[in-house]
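Participant: Position 535, counted from 1, in the sequence shown is what the working numbering calls 567; the numbers after and before it change by one each time, with no gaps.
Below are the structure tokens for one structure; questions will follow.
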Amino acid sequence: MEETSTEDDEKGSPSVTPAEEKANFFEELREQLRYWPYTIHQIDDTLDMSLIEGKGKQLLFQAINSRNLTAFIGSGFSAGFGRLSWREWKTLQTDVVSQMANSFLKLIARADVALATSLYIIDPDLEAEAVAAGPVHPNTTGALNQRAETLRSSVFENGGVVTQDRTTLVDGFTVGDARNIARWIASRQRQIGYARADVTRLEANLRPGARRQRRFSGGESLPILFEIAQQLHDLLQRQSSLFLHKRDITPDDKEEILARNTLGCLHHTDNAAPLDSIEKLTSYLGNSGLIVRNARKIAYGAFTDSLVEYYRQARKAETQMPFSDLVKALLIDETAHAEQILLSGLSYDRDAGREDRPGTGKTHRPDAANPQCARHGKLGRRIPGIRQKPDRYTVLTPFRCGNIRQIIDAGAATAHGWEEIAAFVTESLHDQAGEDDKGSEHDRTFLTPSSRFLAGMLLALIEDPMTELEREDGEVPAPGLPNLSIFDGVKPDDFRSRRSILSERLDPLVKTARKLKISRFLTTNYDFEIERYFQDAGYRRFEHDNHGGPADGSPFPRGYMDLRSHRSDSLGGVFRDLTFRRETASDLVSFSLSDEGVDASVFHLHGRASKTEDIVVTEADYMDLYLRRDAMREMVDEGISIAFSGAPTLFLGLGMTEADLLRPLRQFISDRDREVGYTSIVLLPAEKDEAARAKTSTALYLRYGVHTIFYGGGQVTVGDTPQDIDWLHKILSLVSELTRIVNDRRTALKNLGDGETQPALSERYDPSTLKTENGQSPYNTADLLQRLKESLGTIERNGQEHGALAALFGKEELTAEILLAPLTESEPLCRLVCPTFTPVRYKTSRAASNAKNRHGSETVDGTDYLDFYLLLLTHIARTILTSPAPDRHAVSARSLPRPEGAGDRSRRDLRALLTGSLNASLDGLEREWRSWWERW
Numbered sequence: 033m034e035e036t037s038t039e040d041d042e043k044g045s046p047s048v049t050p051a052e053e054k055a056n057f058f059e060e061l062r063e064q065l066r067y068w069p070y071t072i073h074q075i076d077d078t079l080d081m082s083l084i085e086g087k088g089k090q091l092l093f094q095a096i097n098s099r100n101l102t103a104f105i106g107s108g109f110s111a112g113f114g115r116l117s118w119r120e121w122k123t124l125q126t127d128v129v130s131q132m133a134n135s136f137l138k139l140i141a142r143a144d145v146a147l148a149t150s151l152y153i154i155d156p157d158l159e160a161e162a163v164a165a166g167p168v169h170p171n172t173t174g175a176l177n178q179r180a181e182t183l184r185s186s187v188f189e190n191g192g193v194v195t196q197d198r199t200t201l202v203d204g205f206t207v208g209d210a211r212n213i214a215r216w217i218a219s220r221q222r223q224i225g226y227a228r229a230d231v232t233r234l235e236a237n238l239r240p241g242a243r244r245q246r247r248f249s250g251g252e253s254l255p256i257l258f259e260i261a262q263q264l265h266d267l268l269q270r271q272s273s274l275f276l277h278k279r280d281i282t283p284d285d286k287e288e289i290l291a292r293n294t295l296g297c298l299h300h301t302d303n304a305a306p307l308d309s310i311e312k313l314t315s316y317l318g319n320s321g322l323i324v325r326n327a328r329k330i331a332y333g334a335f336t337d338s339l340v341e342y343y344r345q346a347r348k349a350e351t352q353m354p355f356s357d358l359v360k361a362l363l364i365d366e367t368a369h370a371e372q373i374l375l376s377g378l379s380y381d382r383d384a385g386r387e388d389r390p391g392t393g394k395t396h397r398p399d400a401a402n403p404q405c406a407r408h409g410k411l412g413r414r415i416p417g418i419r420q421k422p423d424r425y426t427v428l429t430p431f432r433c434g435n436i437r438q439i440i441d442a443g444a445a446t447a448h449g450w451e452e453i454a455a456f457v458t459e460s461l462h463d464q465a466g467e468d469d470k471g472s473e474h475d476r477t478f479l480t481p482s483s484r485f486l487a488g489m490l491l492a493l494i495e496d497p498m499t500e501l502e503r504e505d506g507e508v509p510a511p512g513l514p515n516l517s518i519f520d521g522v523k524p525d526d527f528r529s530r531r532s533i534l535s536e537r538l539d540p541l542v543k544t545a546r547k548l549k550i551s552r553f554l555t556t557n558y559d560f561e562i563e564r565y566f567q568d569a570g571y572r573r574f575e576h577d578n579h580g581g582p583a584d585g586s587p588f589p590r591g592y593m594d595l596r597s598h599r600s601d602s603l604g605g606v607f608r609d610l611t612f613r614r615e616t617a618s619d620l621v622s623f624s625l626s627d628e629g630v631d632a633s634v635f636h637l638h639g640r641a642s643k644t645e646d647i648v649v650t651e652a653d654y655m656d657l658y659l660r661r662d663a664m665r666e667m668v669d670e671g672i673s674i675a676f677s678g679a680p681t682l683f684l685g686l687g688m689t690e691a692d693l694l695r696p697l698r699q700f701i702s703d704r705d706r707e708v709g710y711t712s713i714v715l716l717p718a719e720k721d722e723a724a725r726a727k728t729s730t731a732l733y734l735r736y737g738v739h740t741i742f743y744g745g746g747q748v749t750v751g752d753t754p755q756d757i758d759w760l761h762k763i764l765s766l767v768s769e770l771t772r773i774v775n776d777r778r779t780a781l782k783n784l785g786d787g788e789t790q791p792a793l794s795e796r797y798d799p800s801t802l803k804t805e806n807g808q809s810p811y812n813t814a815d816l817l818q819r820l821k822e823s824l825g826t827i828e829r830n831g832q833e834h835g836a837l838a839a840l841f842g843k844e845e846l847t848a849e850i851l852l853a854p855l856t857e858s859e860p861l862c863r864l865v866c867p868t869f870t871p872v873r874y875k876t877s878r879a880a881s882n883a884k885n886r887h888g889s890e891t892v893d894g895t896d897y898l899d900f901y902l903l904l905l906t907h908i909a910r911t912i913l914t915s916p917a918p919d920r921h922a923v924s925a926r927s928l929p930r931p932e933g934a935g936d937r938s939r940r941d942l943r944a945l946l947t948g949s950l951n952a953s954l955d956g957l958e959r960e961w962r963s964w965w966e967r968w
């Protein structure tokens, strides 16, 4: 074993006791075992997290060396490209369904009243007491009853009749007609009651409170939640026939829909409506005097308003399309995520600090559950260029560097308390572009995905963005987008490659495919990002273009494994893209065992966003694809087994929640034969403390045979001395505590202003008197700084405990005077320092120190990946810890994330820190692999 002098030895530290020497010996032995390629029994005997990680790295490096490593790409990977996270997707997808369900239930309630009113007006057999009582419905009012009586009296003289069916009442309308309509209305009332019960039962599981609290037994919550959402979506589409005469309605259908629902429900031959009788009645009422027409308008006014709102919801593209097609539209590319960022900054409501549009008197909240990305397009496997439909990507134009500057100039730069941040963003914007080589064309480059949150943040600071950024050139933006100058159109050369919108240093796919030499990918994602990467690398041609194959890029008739079905480059190399199907389950075996004639491959296990392919979204989808007992079940099981045990598998980009991690492990390797060697590795962010990570590592190893490698640990420089620190865990803890401070402040602001208008609240807003629910001031700088220090705890240095918060800022001690010192040219900003990521896990021991000395060349400076975000976080922390002026309530409200979305928005902004750390860790793994190759 190589001897390495320690820092303590060089300083001549006091001799250690025999017990300490023994402990140091075993600690050193354990560190050495982490790099010994045959460590197996020691792991099983101790379940030590560091040994599990060390063995995982040995397996990883051996597999890279032999070129037989498979990468499993999870949802967190696509989040680095600007896709919706699982949590964001779940919220948006279920909100679309919930919004339609709420509109339908509101209409059903109004229809119930309208049908009861119609039955009262038209039923010729009502007794005198019933006529006097008015419509039989608990929600009718005195005013409605009066109008109903007026309408009944216009049809029936004296309010009722005792005559034969053929007796004519008015304008050819007979008693028989009235009885036909009455019977039909009674049947419609029953049908509406059944529909209300069915929709209410399913909708209850999708309410926001139920979604947060409910844990479904017998399976994972997310697929079951989507199963409920899909059932509700399909039910709503079926029940729409109660009010809509066709499924694919258009703006031209509004008047016809209103005309066909005059009595409170759609009258159509399909539901046995007596059309002739209804026509006679409506014609008579429409041609009656003013009193009757006004009575009819008032009696059915609430129903008509709800019907119009329901019609508007029903004609949205995302409502009309099948549930799975909406999934594809939301996840195929970055447009849905971009929309949500922009909507977060453009809201006009109390929570946004903008009570209404000036001069309009109306509140305006952009519809987050109405994604414009759902309106575009045919989805296909073929990607002719980097982008299929330029109009679809107009939503990305606000993220151009030039348009970000326009947002800053429109008011973000002058928002009280945020001038410092706006100036910093303006100066540093060029570092956040997808491409940094366009020179004078820099303003046309786009923010890299992990920096897109800047647009939403800066828009939120403008008092009235819809006015300040209003388009003046007379051009019309893309349909559905606001008339703002920042939506300035897409030009052909804007998207030359993935580099146009994604910085290479923050692209985990480059690290995986180019640096770690991985050429075989399994994924449960639906997007085409891996295909786009290899298309940029030159794999553009479909061989069957010249051999009579399908023109849309679908598989060659001979099957997926026919190389003519896949992309090739100019030298004849082939990139193979596959989707799992039961009928061709053997393809997964071939994918796992044979690379003959193929440069790289990707296999989509849950389908992909192509019009012709099915996807796995719900619990039923998964069970039908993988667990159905039929003649192909054995081949399906064999294919999955070989794919995940035939070669080492590296699980990458698995999201930020336990469910995201466990989902693929449960689905694909939970039943693996334990006789087969444990060859799976998972790369996870070190978000939690060491004890929680040890628990996770042990559980994954025992349950699934997975070796966990945590990334995010390293060193920061305190003074001139490197300090070991659990960096990612501590920095995320800082962001979480800052978010809690912001939420406490917003809650106090909300409680202060309940029931008041924005102007009235601004007049008496005083930060010094504001109190949180526990009676503390949310603006006391000393208290807030102490709160941050306590939240982050301490770290050990030279045998003593020191504050972790101070270490993150590179200081021995951190005071408010140091942190909030005014910016001057002579004094440098007290800022969060960039870490150096190390291959050795965070631990303060002599053995760990020796290991760091041995592996110094494998460290990664985090500056290239995180410098901008840490500087931005520094400025945000300074702003949060500084009290605002007493008259700036509106700006304060706009400066803070909304309470109902604070968690999601903080996760969205944390994506930058996680993406940067992931890319740094992948570069670090490449360096470790090369060092390992030289040693072994």
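In this text, a Cβ means the ideal position worked out from N, Cα and C, and glycines have one as well.
Remember, it's a predicted structure, so these values are computed and weren't measured experimentally.
On the criterion of 16 or more Cβ atoms from any shown chain inside 10 Å, does residue 226 qualify as buried, or is it exposed?
Facilitator: On the sequence shown, residue 226 is found 194 positions in, with the first residue counted as 1. It is exposed - the Cβ of residue 226 has fewer than 16 other Cβ atoms within 10 Å.
Participant: How would you write the range of the beta strand (DSSP E) that residue 553 sits in, first residue to last?
Facilitator: The residue you call residue 553 lines up with position 521 of the sequence shown. Element bounds for residue 553: 552-555.
Participant: Could you tell me which of 492, 479 and 432 sits nearest to residue 443, measuring between CA atoms?
Facilitator: Position 411 of the sequence shown, counted from the first residue, corresponds to residue 443. Among 492, 479 and 432, the Cα nearest to that of residue 443 belongs to 492.
Participant: Quick check on the DSSP output: what are the complete alpha helix (DSSP H) runs of length 4 or more inside the stretch 250-312, in order along the chain?
Facilitator: Here the runs fully enclosed are 253-271 and 286-291.
Participant: Keeping to the same chain, check which residues put their C-beta closer than 8 Å to that of residue 238; ignore five residues upstream and five downstream.
Facilitator: Position 206 of the sequence shown holds residue 238. 126, 129, 130, 133, 257, 260, 261 and 264.
Participant: Go ahead and label residue 814 buried or exposed: buried means 16 or more other beta carbons lie within 10 angstroms of its beta carbon, across all protein chains shown.
Facilitator: Taking the first residue of the sequence shown as 1, we reach residue 814 at position 782. It counts as exposed.
Participant: Does the beta-carbon distance from residue 902 to residue 820 come in below 9 Å?
Facilitator: For the purposes of this step, residue 902 is taken as the residue at position 870 of the sequence shown. For the purposes of this step, residue 820 is taken as the residue at position 788 of the sequence shown. Result no, Cβ atoms of residue 902 and residue 820 do not sit closer than 9 Å.
Participant: The alpha helix (DSSP H) that contains residue 636, what's its start and end?
Facilitator: Counting from one through the sequence shown, the residue named residue 636 turns up at place 604. Counting along the chain, residue 636 falls outside any alpha helix (DSSP H), though it belongs to the beta strand (DSSP E) covering 632-636.
Participant: What number of angstroms, rounded off, separates the C-alpha of residue 312 from the C-alpha of residue 320?
Facilitator: Position 280 of the sequence shown, counting from 1, holds the residue named residue 312. Position 288 of the sequence shown, counting from 1, holds the residue named residue 320. Those two C-alpha atoms are separated by around 12 Å.
Participant: Taking the continuous alpha helix (DSSP H) assigned at residue 369, which residues delimit it?
Facilitator: Position 337 of the sequence shown, counting from 1, holds the residue named residue 369. First-last of the alpha helix (DSSP H) with residue 369: 367-378.
Participant: How about residue 430 and residue 375: are their beta carbons less than 9 Å apart?
Facilitator: The residue you call residue 430 lines up with position 398 of the sequence shown. The residue you call residue 375 lines up with position 343 of the sequence shown. Result no, Cβ atoms of residue 430 and residue 375 do not sit closer than 9 Å.
Participant: Tell me which residues share the same chain as residue 753 and place their Cβ nearer than 7 Å to its Cβ, disregarding the 5 neighbours each side in the sequence.
Facilitator: One-based indexing of the sequence shown puts residue 753 at position 721. Taken in chain order, the list of residues that qualify is empty.
Participant: Tell me the DSSP bridge mates of residue 464?
Facilitator: On the sequence shown, residue 464 is found 432 positions in, with the first residue counted as 1. Answer by DSSP bridge pairing: none, since residue 464 is not bridged.
Participant: Roughly how many angstroms lie between the CA atoms of residue 864 and residue 842, to the nearest whole one?
Facilitator: For this step, residue 864 is matched to residue 832 along the sequence shown. For this step, residue 842 is matched to residue 810 along the sequence shown. Roughly 7 Å separates the two Cα atoms.
Participant: Which residue's Cα is closest to the Cα of residue 188: 285, 206 and 305?
Facilitator: Indexing the sequence shown from 1 puts residue 188 at position 156. Of 285, 206 and 305, the residue nearest in Cα terms is 206.
Participant: Rounded to the nearest angstrom, what separates residue 230 and residue 280 at their Cα positions?
Facilitator: Locating residue 230 in the sequence shown gives position 198, where the first residue counts as 1. Locating residue 280 in the sequence shown gives position 248, where the first residue counts as 1. Between residue 230 and residue 280, the C-alpha separation is close to 23 Å.
Participant: Throw me the rounded Cβ distance for the residue 550 and residue 837 pair, which I believe falls under 8 Å.
Facilitator: Counting from 1 along the sequence shown, the entry for residue 550 is found at position 518. Counting from 1 along the sequence shown, the entry for residue 837 is found at position 805. Going by Cβ atoms, the distance from residue 550 to residue 837 rounds to 38 Å, so no, they are not a contact pair.
Participant: Within 10 Å of its beta-carbon, does residue 525 have 16 or more other beta-carbons around it, so buried, or fewer, so exposed?
Facilitator: Along the sequence shown, one-based indexing puts residue 525 at 493. Result: exposed.
Participant: Exposed or buried, which one is residue 204 when buried takes at least 16 other CB atoms within 10 Å?
Facilitator: Residue 204 sits at position 172 when you count from the first residue of the sequence shown. Looking at its Cβ environment, which holds fewer than 16 other Cβ atoms inside 10 Å, residue 204 is exposed.
Participant: Threshold first: 4 residues or longer. Then list the alpha helix (DSSP H) segments lying entirely within the stretch 302-362, N to C.
Facilitator: If we require 4 residues or more, the alpha helix (DSSP H) runs fully inside the stretch 302-362 come out as 307-318, 322-331, 333-346 and 349-352.
Participant: Taking only beta-carbon positions, decide if residue 642 is within less than 9 Å of chain C.
Facilitator: Going by chain labels, chain C is absent from the structure shown, which holds only one protein chain.
Participant: Report yes or no: do the stretch 276-291 and the stretch 338-355 share at least 3 C-beta pairs separated by less than 8 Å?
Facilitator: These segments touch.
Participant: Would you decide whether residue 680 is buried or exposed? Buried here means 16 or more other CB atoms lie within 10 Å of its CB.
Facilitator: Within the sequence shown, numbered from 1, the residue matching residue 680 stands at position 648. Buried, by the Cβ-count rule.
Participant: In three-state DSSP terms, what is residue 743?
Facilitator: Mapped onto the sequence shown, residue 743 falls at position 711. Note: residue 743 maps to strand in three-state DSSP.
Participant: Residue 955 to residue 947, Cα distance in whole Å?
Facilitator: Residue 955 sits at position 923 when you count from the first residue of the sequence shown. Residue 947 sits at position 915 when you count from the first residue of the sequence shown. In a straight line, the C-alpha of residue 955 is about 12 Å away from that of residue 947.
Participant: Ordered along the chain, which non-local residues of its own chain (more than five positions away) have a Cβ less than 7 Å from that of residue 305?
Facilitator: Residue 305 sits at position 273 when you count from the first residue of the sequence shown. Hits under 7 Å: 216 and 299.
Participant: Using DSSP's beta-bridge definition, name the partner residues of residue 187.
Facilitator: If you number the sequence shown from 1, residue 187 lands on position 155. Paired residues: none, contrary to the question.
Participant: Ignore the nearest five residues each way along the sequence and tell me which others in residue 292's own chain have a CB closer than 8 Å to its CB.
Facilitator: In the sequence shown, the residue the question calls residue 292 occupies position 260. Only 277, 298, 299 and 300 meet the Cβ criterion.
Participant: Return helix, strand or coil for residue 417, following the three-state DSSP convention.
Facilitator: Stepping through the sequence shown from its first residue, residue 417 is reached at position 385. Here residue 417 scores only 43 on pLDDT, less than 50, and its place in the model should not be relied on; the value that follows carries that caveat. In this structure, residue 417 counts as coil in the three-state DSSP scheme.
Participant: How long is the line joining the alpha carbons of residue 719 and residue 861, rounded to whole angstroms?
Facilitator: Here residue 719 refers to the residue found at position 687 of the sequence shown. Here residue 861 refers to the residue found at position 829 of the sequence shown. Computed Cα separation, rounded: 27 Å.
Participant: Take the Cβ of residue 323 as the centre, count every other Cβ of all protein chains shown within 10 Å, and call the residue buried at 16 or more, exposed below.
Facilitator: One-based indexing of the sequence shown puts residue 323 at position 291. Result: exposed.
Participant: Have a look at residue 783 and residue 462 and give me their C-alpha separation to the nearest angstrom.
Facilitator: As a working note, residue 783 is residue 751 in the sequence shown. As a working note, residue 462 is residue 430 in the sequence shown. Roughly 41 Å between the two C-alpha positions.
Participant: For residue 49, count the other beta carbons within 10 Å of its own beta carbon; 16 or more makes it buried, fewer makes it exposed. Which is it?
Facilitator: As a working mapping, residue 49 is identified with position 17 in the sequence shown. That one is exposed.
Participant: Excluding the five sequence neighbours on either side, which residues of its own chain have a C-beta within less than 8 Å of the C-beta of residue 848, listed in chain order?
Facilitator: The residue given as residue 848 occupies position 816 in the sequence shown. Closer than 8 Å at Cβ, skipping near neighbours: 813, 814, 817 and 913.
Participant: DSSP three-state call for residue 893: helix, strand or coil?
Facilitator: Stepping through the sequence shown from its first residue, residue 893 is reached at position 861. Residue 893: strand per DSSP, three-state reduction.
Participant: Among 428, 496 and 434, which one has its Cα closest to the Cα of residue 447?
Facilitator: For the purposes of this step, residue 447 is taken as residue 415 along the sequence shown, with counting starting at 1. Here the closest residue by C-alpha is 496.
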